[in-house]
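In what follows, a single structure is set out as structure tokens and then discussed.
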Amino acid sequence: ERDGGRQESDDGGIASDSGVPRARPGHVTDDGIALPAFETVRDLAESAINRGLESPAVAGYLERMGFTVSDYHPISTQIDGRQYVTKADARELRLEYASRLEEDVEELVAAVGS
Numbered sequence: 001e002r003d004g005g006r007q008e009s010d011d012g013g014i015a016s017d018s019g020v021p022r023a024r025p026g027h028v029t030d031d032g033i034a035l036p037a038f039e040t041v042r043d044l045a046e047s048a049i050n051r052g053l054e055s056p057a058v059a060g061y062l063e064r065m066g067f068t069v070s071d072y073h074p075i076s077t078q079i080d081g082r083q084y085v086t087k088a089d090a091r092e093l094r095l096e097y098a099s100r101l102e103e104d105v106e107e108l109v110a111a112v113g114s
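If you count by full-length UniProt numbering, then the sequence shown holds residues 1 to 114, one letter each, in order.
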């Protein structure tokens with residue numbers, strides 16, 4: 001299926017323009033976090049923008065990075081269906097989600113350190 005100009009392989013990886021699956025990028029090891037190449041990050045970002053967690057590549061990447069995708073609740077569902085938010089509300093939402101991200105990273109670091 002085409003996704004932001006890229007194609008996802010059936011196993012949730014990003015396929016090259018020729019349709020050949022690339023390696024499934026990014027993972028957490030006992031030695032640290034292995035990040036994917038820039039091109040792969042760009043492909044995943046485009047998939048995330050276009051399809052969100054419905055993209056098998058995005059969901060698979062997040063799972064490999066230690067996130068529990070089923071626990072994710074998109075910010076768009078928490079702004080009451082409004083098309084626009086005030087600057088103050090947007091700031092509060094950014095601060096809230098930055099705090100949640102910090103908590104997620106701390107949990108991931110603790111899990112890797114165990």
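Using N, Cα and C, we set each Cβ at its ideal position, and we do this for glycine too.
- Sixteen is the threshold: since fewer than 16 other Cβ atoms of the shown chains lie within 10 Å of the Cβ of Val105, the residue is exposed.
- Restricted to the segment 52-88, not a single beta strand (DSSP E) segment is unbroken, complete and at least 3 residues in length.
- Around the beta carbon of Tyr61, 16 or more other beta carbons lie within 10 angstroms, which makes this residue buried.
- The beta-carbon distance between Gly66 and Ala111, rounded to whole angstroms, is 6 Å. This is short enough to meet the 8 Å contact definition.
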